[in-house]
Amino acid sequence: MADLEDLAVTAASVSAAARRAKARPGFVVPRHDRSRREQAEGDSFIPGSKTIFLRTWGCSHNNSDGEYMAGLLSAAGYTISDKREGADLWILNSCTVKTPSEDTFNNEIRDARSRNIPVVLAGCVPQTMQIDRVVEVVEETLQGRTVRLLGSKKVDGRKTGGTALDLPKIRRNPLIEIIPINTGCLNKCTYCKTKHARGDLGSYTIQEIVQRVQQVIAEGVVEIWLTSEDTGAYGRDINTSIPELLRAILAVVPAGVMVRLGMTNPPYIVEHVQAIAECLRHPRMYKFIHIPIQSGANPILHAMQREYTREDFCFVADTLLEQVPALTIATDIICGFPGETDADFEDTFEIVRRYHFPSLFTNQFFPRPGTPAAAMERVDPRLVKQRTKELSDYFRGYRVYDDQLDSYQRVLVTDTATDNVHFVAHNRSFDQVLVPANPDFMGKLIVVKITNVNKFFIVRARSPSS
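Start counting the sequence shown at 1015; every next residue gets the next number (the working numbering).
Here it is as C-alpha cells:
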C-alpha cells in the first residue's frame, strides 16, 4: 500500500531510484517491501501496461483531482477502470469531511489488502495534494515499493493553487469541466479537517484559470464549474478577488457555454455581494450559489468559529435574492453541534422556513478526530437524530418549482438521467430539468415547455424550438 503524505524531506534513501530522483523537488523515497517487490519483478513489470481502478469520494474539487490523475495515468499508457475486478492497482481518492465517507474509504483499503492488491492513497485523508506525481507513485508501487511523496506545492516561497491546470484529464462527463480556482481555506472551523488536508489558501492566477477555460471550451466543454474549498476566498493571497476572476472568465465564454460558481462561505462575499450579484445576472452564468450557514444560532456559529453571524448570512442571502431574480441558494446545516440547545435548533429551523432552500444538505454532527469539536460535550445522539429528522421532513414537505409549470425555459443539456429515458438539463437557476433523450439535444441549449414539476426536478414533454 502506498501511503502518500506531504512530509518534510528526510534522509536520502539508499535505493537507486531515490538517488536518481533526488534532484527533483518532492521526490519519491521508496521503502522496500521485499515480498511484494519480488512478486512484481517476477511479473516483469512494464510501465504503463497495467489496469488501474480509481475511486473518488467527496466534493467537486476532489472529483477534479481524480479526473487529473486518470488523465495523467492514461497518457502514460495505463488503462483506467471503474471496476475493481481485474485491476492491478487501486487508487483511492479520499474525502475527510464526513465520518461515513472516511469509514467507506477505510473499508476499501481493507478490501484491497484482503485481495493482496497494491493501493495508492490520495486525497484529504492522507493529506496528499501532489496529484501530478501520480504516475511515479503508481510505477514505484507496482514494483513492490511502499512510497511516501515528499514536499509541497510552492512557487517563490508561497503556496500555489496546486497541480497545473493544463495537465491531461479524463472527465467523467466530457461536456462538464471542473476547474479548481484555489485550494485550502482561511477558516479554522472547529469541526472540520479540510484545513488539515488542504492547508492554507493557495489561489491560481486569473491568467491560469482563463487559459484553462479557453482550452476546455475548445475541447467541446459546454458547462464549467468553478470549485474550491471556498470560492469566495479566492485571490486574497494574490491581491485579487472572486468578482475580478468571474469578470475575466465571462469575458471569454461564448454563447452556448454556462458557468457555475461553487461553494462560498459567508465571510468572504459580504464585501463583494454587489459585484457577485452583477456576475450572477450575466446571461452565461447560472443563477446559483452555495452558501453554507451550518447553524442559524449565533452561539453555535461562534463555537464553530465560522467567523460570521446569522445576520451576516441573511444580509448576503437577502441582497442576492433581491438583485438576482430566480436565484437558487443552496445551503448546509449541521444538526446537533456540541452545545446546541432547543432554542438554537429553532433559530436554525426558522432560517429554513424563511428561505425554503431548493437544495438543503442536512448532516448530523460527527466528531472528527483531531478537531477541537471532538473534545466538546456532545448532544444526546437520540436528540440529534430527532432534530435531523424534523428538519429533513420539513424540507421534503415543501415544493419550490410549482410556479414554473407551463412556462417556457432555455435549458442546457449535459447528461443522461439514471432512468436512461431522459437527458438531464439545467435552466438558468440550475434547476434540474428532465428532457427526452434525443441525441440532437446533448450539449445544446434548447427551449422547453415545463409540463410537470416534482419536489426535486422539473419535467417537460417536448421542445418547441432549439
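Don't be surprised by glycine CBs; every beta carbon is placed ideally from N, CA and C.
In this text, all values refer to a predicted model and were calculated from it rather than measured experimentally.
- Bridge partners of Thr1430 according to DSSP: Phe1437.
- As the crow flies, the alpha-carbon of Thr1278 is around 14 Å from that of Cys1328.
- Inter-residue distance for Gly1411 and Lys1403 is about 12 Å (C-alpha atoms, whole angstroms).
- With fewer than 16 other Cβ atoms inside 10 Å of its own Cβ, Val1435 counts as exposed.
- A residue is called buried when at least 16 other Cβ atoms come within 10 angstroms of its Cβ; Phe1119 meets this threshold and is buried.
- For Leu1315, same chain residues with a beta-carbon under 6 Å away, outside a window of 5 residues either side, are Ser1309 in chain order.
- Annotation: Leu1215 to Phe1437 spans about 37 Å, alpha carbon to alpha carbon.
- Minimum Cα-Cα distance from Arg1368 among the listed residues Ala1388, Lys1469, Pro1352 and Ile1343 corresponds to Ile1343.
- Taking the Cα positions, Phe1455 is about 6 Å away from Val1427.
- Secondary structure note for Glu1404: its alpha helix (DSSP H) is the uninterrupted segment Pro1395 to Gly1411.
- Residue state for Phe1359 is assigned as helix, using DSSP reduced to three classes.
- When the five nearest sequence neighbours on each side are left out, the beta carbons in the same chain lying within less than 7 Å of the beta carbon of Gly1080 are those of Leu1068, Thr1070 and Asn1107, in order along the chain.
- Gly1276 is a Cβ neighbour of Ser1074, given a cutoff of 9 Å.
- About 5 Å separates the beta carbon of Leu1405 from that of Thr1376, a gap short enough to meet the 8 Å contact definition.
- Residue pairing from DSSP places Asn1196 in a beta bridge opposite Ser1217.
- Rounded to the nearest whole angstrom, the CA to CA distance from Met1083 to Leu1179 is 12 Å.
- For Gln1423, the pairing in a beta bridge is given by DSSP as Val1462.
- DSSP, reduced to helix, strand and coil, places His1296 outside both helices and strands of the structure shown, so it counts as coil.
- Inclusion of Lys1301 and Val1338 in the CB contact set at 9 Å is warranted, their separation being smaller than that value.
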